[in-house]
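Undergrad: Supplied in structure tokens, the structure appears directly below.
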């Protein structure tokens, strides 16, 4: 029998954070919701970037564990140099939170990360953490977070691919432009390659299971592997605008990304995923091993509902 836990969830108003709070309560655990902005369902409004270790210690007191479901996204394109900003958003808050959690006597933690760290381990020859500042921040997040937590506070890192789903008015932050595109009359084009995918609900279930198990593992989360063409086709069909997806030539992808990188440079900006090297990732099948594949078709329709 699993004893009820009291868990502090940072980033609780986000897509995955809301699902984690929901699953915790479904399993008769207690969830304290922390988010940057005060709103219904948020117990404490705290900016994770500026919160000190002392701030976290006061909040963590009396909790069995913590979840970090916040952080800086790889789609942000700030002014360079970019790594300090990703370190500030992804590494520093986790170190402070887990240091406070260790001091307060917490016994379990979950950090939501990226499946790029999985591929960084699997293919060290790809030099992902060296090449891409965002991936470097995620690798450092896991390493520094576990170091801060120490041996008595196991930290599970969930390595997330494309996450589909909906939570109230929250949708995946990458879904907006894609939704607009597939509903337009523009032709649908896709390069070779593809990605693992999952749902916010599955991420939440995995996170809560890791908390119950007091797991300290790296956990890639996946339900379906899809080529880019398949993903775009299924999204277009879900919206009620099905049409063929044509192949986008590899040379065009590489050239377009190089031009994008040049434009960023001229604007004094820098991407967390270096455009000139991003094609090397995009054109791969970034698939994860699946013990029990599960269709995410229902969640695709939830994320991209049909036009009225």
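Numbering (this note's numbering), first residue to last: 2 to 309. A virtual CB, placed ideally from N, CA and C, is assigned to each residue, including glycine. Remember, it's a predicted structure, so these values are computed and weren't measured experimentally.
For residue 222 versus residue 204, is the C-beta spacing smaller than 7 Å?
TA: yes
Undergrad: What would DSSP say about residue 129, mapped onto helix, strand or coil?
TA: helix
Undergrad: Can you round the beta-carbon distance between residue 225 and residue 295 to whole angstroms, since I take them to be within the 8 Å contact cut?
TA: 7 Å
Undergrad: Assuming contact is defined by CB atoms lying nearer than 7 Å, are residue 284 and residue 258 in contact in what I supplied?
TA: no
Undergrad: Let me check you understand the geometry: is the CB of residue 33 closer than 6 Å to at least one non-hydrogen atom of the ligand HEM?
TA: The ligand HEM is not part of the structure shown, which contains no ligands of any sort.
Undergrad: Is the region 175-195 touching the region 138-150, taking contact as three or more C-beta pairs under 8 Å?
TA: no
Undergrad: Which residue comes first and which comes last in the beta strand (DSSP E) that contains residue 237?
TA: No beta strand (DSSP E) contains residue 237, which is instead part of the alpha helix (DSSP H) from 229-240.
Undergrad: Would you identify the three-state DSSP class for residue 81, choosing helix, strand or coil?
TA: coil
Undergrad: For residue 105, which three-state DSSP category applies?
TA: coil
Undergrad: If you draw a straight line from the C-alpha of residue 178 to the C-alpha of residue 4, how long is it?
TA: 43 Å
Undergrad: Roughly how far, in whole angstroms, is the beta-carbon of residue 289 from the beta-carbon of residue 116, given that I think they are within contact range, below 8 Å?
TA: Contact between residue 289 and residue 116 holds: their C-beta atoms lie close to 7 Å from each other, under 8 Å.
Undergrad: Pull the bridge partners of residue 221 from the DSSP assignment, please.
TA: 160
Undergrad: Please state whether the Cβ-Cβ distance between residue 157 and residue 211 is less than 7 Å.
TA: yes
Undergrad: Tell me the residue span of the beta strand (DSSP E) that contains residue 196.
TA: For residue 196, the uninterrupted beta strand (DSSP E) run begins and ends at 195-200, by DSSP.
Undergrad: Return helix, strand or coil for residue 274, following the three-state DSSP convention.
TA: coil
Undergrad: Whose CA, out of 218, 155 and 168, lies closest to the CA of residue 24?
TA: 168
Undergrad: Answer with buried or exposed for residue 252, where buried requires no fewer than 16 other C-beta atoms within 10 angstroms of its C-beta.
TA: exposed
Undergrad: To the nearest angstrom, how far is the alpha carbon of residue 34 from that of residue 41?
TA: 10 Å
Undergrad: Beta-carbon separation of residue 215 and residue 155 under 7 Å?
TA: The criterion of a C-beta distance shorter than 7 Å is satisfied by residue 215 and residue 155.
Undergrad: From the DSSP secondary-structure annotation, give me the bridge partner or partners of residue 286.
TA: 195
Undergrad: So what's residue 120 in DSSP terms, helix, strand or just coil?
TA: Looking at residue 120 - three-state DSSP - the assignment turns out to be helix.
Undergrad: Let me check understanding here. Comparing Cα to Cα, which of 26, 43 and 17 lies closest to residue 71?
TA: 17
Undergrad: Rounded to whole angstroms, what's the CA-CA distance from residue 82 to residue 170? Just pull it up for me.
TA: 33 Å
Undergrad: At least one CB of chain B closer than 7 Å to the CB of residue 185: is that the case?
TA: Of the protein chains in the structure, only one exists, and it is not chain B.
Undergrad: Would you tell me roughly how many angstroms separate the C-alpha atoms of residue 80 and residue 113, rounded to the nearest one?
TA: 25 Å
Undergrad: Out of curiosity, what's the CA-to-CA distance linking residue 84 and residue 92?
TA: Going from the Cα of residue 84 to the Cα of residue 92 covers about 11 Å.
Undergrad: Beta-carbon within less than 6 Å of residue 261's beta-carbon, same chain only, minus the 5 sequence neighbours each way: which residues are those?
TA: Excluding sequence positions up to five before and after residue 261, its CB lies within less than 6 Å of the CB of 276, all in the same chain and listed in chain order.
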